[in-house]
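The structure appears below as structure tokens.
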Amino acid sequence: MKNAVKAALIAALAVAGAAACTSEPTPSAAPATTTTSTTTEPAPAPSTSVVTEVVTATVTNPAKQPALVKTDTRVGYGALKLGMTLEEAKATGLAGTDLVTHDGVCWANERVSVSEQYGVVRISLPAGVSTSTGIGVGSTVDDVKRVHPDASEYRAGLSATLDATSHFNFIINSGRVVHIKIGANTADCVMADL
1 MKNAVKAALI AALAVAGAAA CTSEPTPSAA PATTTTSTTT EPAPAPSTSV
51 VTEVVTATVT NPAKQPALVK TDTRVGYGAL KLGMTLEEAK ATGLAGTDLV
101 THDGVCWANE RVSVSEQYGV VRISLPAGVS TSTGIGVGST VDDVKRVHPD
151 ASEYRAGLSA TLDATSHFNF IINSGRVVHI KIGANTADCV MADL
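All residue numbers for the sequence shown refer to full-length UniProt numbering, where the first residue is 1 and numbers rise by one.
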């Protein structure tokens, strides 16, 4: 049914179009002849157009490959880790440049001790830093013993196990922590360097 309506409509349009093309013009009265004089002005110069074209290009940079990240899980302070070589320790910027040796086996300063054989064997923590267990300069002996029940007397303070290969040394004065060191359980440096 719809096709029949469409066909009828198309046929009607075709007939109307053909009639418009073949009809004769209507006669009109002959034009009257009059004489007039006109002065023609020169045509104005064509106006100049300026076309400005803007081209937009989309540049897609390929996605950067993720950098290979080496995760160092050794115990330490920031980038400075127990077991690092002397060169690695210096490269962190945390070991200082004033390392000296007393025996040709270890290099040390107030921040770090580095053994030729074992690498970094002692890291002294800065005064404003706390351990992962919350002990910092100013903590009491009781605070240390509460979070480190295995803490035992050692030299001028307490020593507590950190993990299977390292320990904390808490230097105590008047019942309070005044300095904290992280130490390797295996070291060959003289006691003065530890």
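Glycine included, each C-beta is placed from N, C-alpha and C at the ideal position.
Beta strand (DSSP E) segment containing residue i, residue limits
i           : result
residue 121 : 119-124
residue 158 : 157-163
residue 176 : 176-184
residue 108 : 106-108
residue 167 : 166-173
Residues near residue i in its chain [Cβ-Cβ closer than 7 Å; skip 5 each side]
i           : result
residue 185 : 165, 166, 167
residue 103 : 190
residue 110 : 124
residue 147 : 133, 134, 135
is_contact[residue i, chain C] using C-beta, thresh 8 Å
i           : result
residue 162 : Here chain C cannot be found, since the structure has a single protein chain.
Sequence-distant residues of the same chain with beta carbon closer than 8 Å to residue i, five excluded per side
i           : result
residue 131 : 125, 168, 180
residue 162 : 75, 168, 182
residue 112 : 80, 89, 94, 95, 96, 99, 120, 122, 123, 124
residue 175 : 140, 141
Boundaries (first-last residue) of the alpha helix (DSSP H) holding residue i
i           : result
residue 116 : Premise fails: residue 116 is in no alpha helix (DSSP H) and is neither H nor E.
residue 129 : Residue 129 -> no alpha helix (DSSP H), and no H or E assigned at all.
Cβ-Cβ separation, residue j to residue i (assumed contact under 8 Å), whole Å
i           : j           : result
residue 114 : residue 86  : 5 Å
residue 117 : residue 193 : Rounded, the Cβ-Cβ distance is 13 Å, inconsistent with contact.
residue 135 : residue 157 : With a Cβ gap of about 11 Å, residue 135 and residue 157 do not count as contacting.
residue 127 : residue 144 : With a Cβ gap of about 16 Å, residue 127 and residue 144 do not count as contacting.
heavy atom of the ligand HEM below 7 Å from residue i C-beta
i          : result
residue 77 : Summarising the ligand content, the structure contains no ligands, and the ligand HEM is consequently not present.
According to DSSP, residues forming a beta bridge with residue i
i           : result
residue 81  : 76
residue 135 : Bridge partners of residue 135: none, in fact.
residue 153 : 158
residue 277 : This structure leaves residue 277 out entirely; the chain is present only between 1 and 194.
Close Cβ partners of residue i (< 6 Å) along its chain, the five nearest in sequence each way excluded
i           : result
residue 177 : 137, 139, 170
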